[in-house]
Amino acid sequence: MPTLDHTADRLSPKLWIVGLIILVGFSRHLPLDYPSLFNFSPTLAIFMFCGAYMKGFFSWVAPIVAIFLSDLFLSSSYGINFLEPFMLATLASYIAIWILGRKLGNNKSAYSWTAGAVGSAIIFHVVTCAFAWIINPAYIKNFSGLIQATVLGEPGYAPAYLFLRNSILSTVFFGLCFRWIKNTVFSESLTLKASTPATQRLET
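Going by numbering that gives the first Met the number 0, the residue at position 119 of the sequence shown is 118; the numbering climbs one at a time, nothing skipped.
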């Protein structure tokens with residue numbers, strides 16, 4: 000009985016974190032009502048957080064489920080095919096950010112975590128803009144064309160640097176929120192459970 004109770008103590012916070020990540024994933028619908036917030040999304044923070052703080056099965060399943068479920072609804076709204084080639088560049092960015100989170104680990108300072116969040120946004124922006132430069136005929140295939148894709152974007156659309164700004168702000172914001180929840184709310188919950196005798200927990 001104590002073993003089962005101890006397992007539940009360890010598993011419960013992870014399940015709550017997974018549920019929170021999936022719930023926040025749906026906030027990616029926000030730009031549909033407020034176009035100025037395009038790219039203001041918890042997606043990058045989710046992958047960085049899972050890479051840093053979650054282990055084993057939950058580490059890679061949680062972000063994939065969160066993004067997949069939200070993309071099922073977002074694809075039709077944005078006119079994007081979930082399986083189109085551009086998604087390969089997006090997936091590569093997510094994997095790189097997950098690895099960055101793994102490197103950061105769960106013992107880094109808030110300053111390191113913030114720097115990692117900014118770096119995650121830059122990685123995503125550079126990779127996806129470079130891929131758009133390669134496949135989009137609107138861009139000249141030289142260095143100036145690459146700079147245009149990265150800084151200004153395609154003519155007729157909002158500047159690419161605004162997407163980067165929103166991506167940095169949202170990744171820092173959501174990343175610090177996730178980190179605070181993990182280090183305070185769930186850590187305190189585990190501490191309280193660990194200090195309560197197993198027999199008392201069974202009675203309640």
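By construction, the Cβ of each residue, glycine as well, lies at the ideal position given by its N, Cα and C atoms.
Does DSSP put residue i in a helix, a strand or coil?
{"i": "TYR207", "result": "What the structure shows of the chain is the stretch from 0 to 203, and residue 207 is not part of that stretch, so it cannot be assessed."}
{"i": "SER40", "result": "coil"}
{"i": "PRO84", "result": "coil"}
{"i": "GLY18", "result": "helix"}
{"i": "SER76", "result": "Only weak support exists for where SER76 lies, its pLDDT of 49 falling under 50; the value from the coordinates is given anyway. Of the three classes helix, strand and coil, the one that applies to SER76 here is helix, per DSSP."}
Do residue j and residue i come within 7 Å of each other at the CB atom, strictly closer than that value?
{"i": "LYS181", "j": "TYR52", "result": "yes"}
{"i": "PRO41", "j": "CYS49", "result": "no"}
{"i": "ILE96", "j": "SER111", "result": "no"}
{"i": "GLY174", "j": "MET47", "result": "yes"}
So the candidates are the options; which of them puts its Cα closest to the Cα of residue i?
{"i": "PHE37", "options": "ARG164, THR183, VAL171, GLY174", "result": "ARG164"}
{"i": "ILE204", "options": "LEU99, ASN135, ALA159", "result": "This structure leaves residue 204 out entirely; the chain is present only between 0 and 203."}
{"i": "LEU43", "options": "GLY18, PHE57, LEU90", "result": "LEU90"}
{"i": "SER92", "options": "PHE130, PRO136, PHE173", "result": "PHE130"}
{"i": "PRO158", "options": "PHE57, PRO84, GLN147", "result": "GLN147"}
{"i": "ILE122", "options": "ILE94, VAL60, GLY152", "result": "ILE94"}
{"i": "LEU145", "options": "CYS128, GLY155, PRO154, TYR156", "result": "CYS128"}
{"i": "PRO136", "options": "VAL126, HIS124, PRO154", "result": "PRO154"}
{"i": "LYS54", "options": "ASN105, ALA114, PHE85", "result": "ASN105"}
{"i": "PHE177", "options": "PHE56, THR113, LEU68", "result": "THR113"}
{"i": "ILE66", "options": "PHE162, TYR156, GLY18", "result": "GLY18"}
{"i": "SER58", "options": "PHE39, ARG101, LEU68, SER35", "result": "ARG101"}
Would you verify that the beta carbon of residue i is, or is not, closer than 7 Å to some beta carbon of chain B?
{"i": "THR149", "result": "The structure shown has no chain B; it contains just one protein chain."}
Taking residue i and residue j to be in contact with their CB atoms under 8 Å, please state how far apart those CB atoms are, rounded to whole angstroms.
{"i": "VAL150", "j": "TYR160", "result": "6 Å"}
{"i": "ALA116", "j": "VAL171", "result": "4 Å"}
{"i": "VAL64", "j": "ILE134", "result": "At roughly 28 Å, the Cβ-Cβ gap does not stay under 8 Å, so VAL64 and ILE134 are not in contact."}
{"i": "SER169", "j": "HIS124", "result": "Not quite, the Cβ-Cβ distance comes to about 12 Å (not below 8 Å), so this is no contact."}
{"i": "ALA88", "j": "VAL126", "result": "6 Å"}
Write down every uninterrupted run of the alpha helix (DSSP H) in the segment 102 to 175 whose length is 4 residues or greater and which is fully enclosed by it, in chain order.
-> If only complete runs of 4 or more residues are kept, the segment 102 to 175 shows the alpha helix (DSSP H) at 109 to 134, 142 to 146, in order along the chain.
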